[in-house]
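Trainee: Note that the numbering used here numbers the sequence shown so that position 117 is 184, with each residue one more than the last.
Glycine residues also receive a C-beta, built at the ideal position from the N, C-alpha and C atoms.
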Amino acid sequence: MICVLMPSYDRPSIIDVTLPRWLEARDVSRVIVVAEASSEEGLRWYEDVLSRYNERVIYVLGRGRLGSVSARNKLLELAVKNNCGYGLMVDDDYLLPDRTFTRLMKAYLDHHPDVGAVGGRVIPLRRRAVDPDFFLNTPIPIADTLTRLTGYIFLDVRNGPRYAEYLPHFFMIRGELLSRVRYSKAFETPTAFREESDVHMQIKKLGYRLLLIPQVYVYHLVLEEGGDRPRMTMKERIYWKSRNHTKFVTKWVKSPIIKTWYLLNMVLTLTLYRPQHISAILRGIRDGLT
68 MICVLMPSYD
78 RPSIIDVTLP
88 RWLEARDVSR
98 VIVVAEASSE
108 EGLRWYEDVL
118 SRYNERVIYV
128 LGRGRLGSVS
138 ARNKLLELAV
148 KNNCGYGLMV
158 DDDYLLPDRT
168 FTRLMKAYLD
178 HHPDVGAVGG
188 RVIPLRRRAV
198 DPDFFLNTPI
208 PIADTLTRLT
218 GYIFLDVRNG
228 PRYAEYLPHF
238 FMIRGELLSR
248 VRYSKAFETP
258 TAFREESDVH
268 MQIKKLGYRL
278 LLIPQVYVYH
288 LVLEEGGDRP
298 RMTMKERIYW
308 KSRNHTKFVT
318 KWVKSPIIKT
328 WYLLNMVLTL
338 TLYRPQHISA
348 ILRGIRDGLT
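Below is the structure:
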């Protein structure tokens with residue numbers, strides 16, 4: 068059975084809109100929610116929404132803020148406890164446009180035993196105020212090659228289905244891996260950049276591949292309030308990108324030469340994007356190495 072795994076923070080009103088769409092999806096047996104609120108009123112609102120669906124929605128409520136990494140690890144633990152055959156990671160402001168997409172993702176996993184996770188596209192319905200991510204949807208799929216060469220993330224969400232270096236944050240994991248991968252607290256930061264890459268690397272190190280299916284997608288409502296991305300300036304976001312990327316490279320790259328190459332490429336990429344924030348980039352490297 069497919070279990071949809073959804074963290075939520077201070078968004079009971081939006082989960083009231085998106086949750087029913089996931090429950091209508093093909094082969095979805097349960098939606099597991101880890102919801103937190105900054106107030107008692109928010110908790111009561113969550114309780115009112117989530118309790119409507121009886122055993123089809125399993126939820127844990129909490130006052131305060133676990134953070135995106137801890138919340139997602141709790142979801143993985145609950146998926147294992149409830150014997151989920153597949154775990155589909157989503158955000159609370161993802162809207163599913165076609166209920167057959169979940170069955171299609173499951174079918175790809177069933178027919179490709181070498182694939183550990185299958186991902187789809189995330190289509191923003193409006194431009195995020197501050198979001199320095201890089202997509203290379205060119206006629207020739209070069210993003211994955213460039214990612215391997217530079218060590219930085221360049222996503223291609225148009226070409227495929229194809230094996231990919233990394234997936235967007237909308238992916239289904241096969242059940243036997245739900246107990247074997249975890250989000251790392253090293254990336255528990257306001258932007259949590261590269262925490263998904265770290266999980267993807269764990270999957271690949273276990274001998275599996277990642278598959279991207281552009282025909283499968285969700286609409287991202289891009290809410291700026293609540294959720295796991297607080298408002299921040301571009302300079303702050305660039306700092307966390309630099310810091311977390313450095314943590315990621317330090318963890319997964321053993322060769323000092325390649326490690327240095329990857330960090331230099333990150334500096335070049337982010338500097339070309341926002342040259343006025345070079346000091347934040349360098350500070351991120353310093354803090355990522357400590």
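1) Let me make sure I understand the geometry here. Which of 100, 205, 140, 156 has the alpha-carbon closest to that of residue 123?
2) Look at the Cβ atom of residue 95, then the Cβ atom of residue 71, and state whether they are nearer than 8 Å.
3) Output the distance between the C-alpha atoms of residue 177 and residue 245, rounded to the nearest integer angstrom.
4) Could you round the C-beta distance between residue 299 and residue 344 to whole angstroms and report it? I think they count as a contact, below 8 Å.
5) Taking one C-beta from the stretch 226–238 and one from the stretch 202–213 each time, how about it: are there three or more such pairs within less than 8 Å?
6) How many whole angstroms separate the CB atoms of residue 166 and residue 92, which I take to be in contact at a CB cut-off of 8 Å?
7) Spell out whether any CB of chain B is found under 8 Å from the CB atom of residue 191.
8) Here's a check: name, in chain order, each residue in its chain whose Cβ is nearer than 7 Å to the Cβ of residue 247, leaving out the five neighbours to either side.
9) With three or more beta-carbon pairs closer than 8 Å as the criterion, would you say the stretch 130–138 touches the stretch 99–119?
10) If you drop the 5 nearest sequence neighbours on each side, which residues of the same chain put their C-beta closer than 8 Å to that of residue 254?
11) For the beta strand (DSSP E) holding residue 239, just list the boundary residues, first then last.
12) Pull up the CB-CB distance for residue 353 and residue 305, whole angstroms please, since I reckon it's below 8 Å.
13) Based on the DSSP output, what are the partners of residue 151 in its beta bridges?
14) Since I believe residue 239 is in contact with residue 151 (beta carbons under 8 Å), could you give me their beta-carbon distance rounded to a whole number of angstroms?
15) Tell me the residue span of the beta strand (DSSP E) that contains residue 96.
16) If you draw a straight line from the C-alpha of residue 204 to the C-alpha of residue 187, how long is it?
17) Which ranges would you report for the alpha helix (DSSP H) in the stretch 250–313 if only whole runs of at least 4 residues count?
18) For residue 68, report the span of its alpha helix (DSSP H) as first-last.
19) Whole angstroms is fine: what's the gap from residue 169's alpha carbon to residue 346's?
20) Within the stretch 156–203, note down every full beta strand (DSSP E) run reaching 3 residues or more, in order along the chain.
21) Report the option in 79, 249, 280 whose CA atom is closest to the CA atom of residue 112.
Mentor: Concretely, from the data shown:
1) To locate residue 123, count along the sequence shown from 1; it is residue 56. When each option's Cα is compared against that of residue 123, the closest is 100.
2) Position 28 of the sequence shown holds residue 95. Position 4 of the sequence shown holds residue 71. Yes, the pair counts as a contact, with Cβ atoms nearer than the cut-off.
3) Numbered from its first residue, the sequence shown carries residue 177 at position 110. Numbered from its first residue, the sequence shown carries residue 245 at position 178. Roughly 16 Å separates the two Cα atoms.
4) Indexing the sequence shown from 1 puts residue 299 at position 232. Indexing the sequence shown from 1 puts residue 344 at position 277. Between residue 344 and residue 299 the Cβ distance is about 12 Å, and since that is not below 8 Å, they are no contact.
5) yes
6) Stepping through the sequence shown from its first residue, residue 166 is reached at position 99. Stepping through the sequence shown from its first residue, residue 92 is reached at position 25. Residue 166 to residue 92, Cβ: 5 Å. Contact.
7) Although the question refers to chain B, the structure presented lacks it and comprises just one protein chain.
8) In the sequence shown, residue 247 corresponds to position 180, counting from 1. Contacts found: 273.
9) yes
10) The sequence position of residue 254 within the sequence shown is 187, counting from 1. Closer than 8 Å at the Cβ level, and outside the excluded window around residue 254, lie 136, 260, 261, 262, 265, 311, 314, 315.
11) Here residue 239 refers to the residue found at position 172 when the sequence shown is read from its first residue. Note, residue 239: beta strand (DSSP E), 238–241.
12) Translated into positions along the sequence shown, residue 353 becomes position 286. Translated into positions along the sequence shown, residue 305 becomes position 238. 14 Å between Cβ atoms; not a contact.
13) In the sequence shown, residue 151 corresponds to position 84, counting from 1. None; residue 151 has no bridge partner.
14) The count along the sequence shown starts at 1 and reaches residue 151 at position 84. The count along the sequence shown starts at 1 and reaches residue 239 at position 172. Not confirmed; about 10 Å, so no contact.
15) Here residue 96 corresponds to residue number 29 of the sequence shown, with the count starting at 1. Element bounds for residue 96: 95–104.
16) Position 137 of the sequence shown, counting from 1, holds the residue named residue 204. Position 120 of the sequence shown, counting from 1, holds the residue named residue 187. Taking the straight line joining both Cα atoms gives about 14 Å.
17) 262–272
18) Against the sequence shown, residue 68 aligns to sequence position 1. Residue 68 -> no alpha helix (DSSP H), and no H or E assigned at all.
19) Residue 169 sits at position 102 when you count from the first residue of the sequence shown. Residue 346 sits at position 279 when you count from the first residue of the sequence shown. The straight-line gap from Cα to Cα measures roughly 43 Å.
20) 182–191
21) By one-based count along the sequence shown, residue 112 stands at place 45. Nearest option by C-alpha distance: 79.
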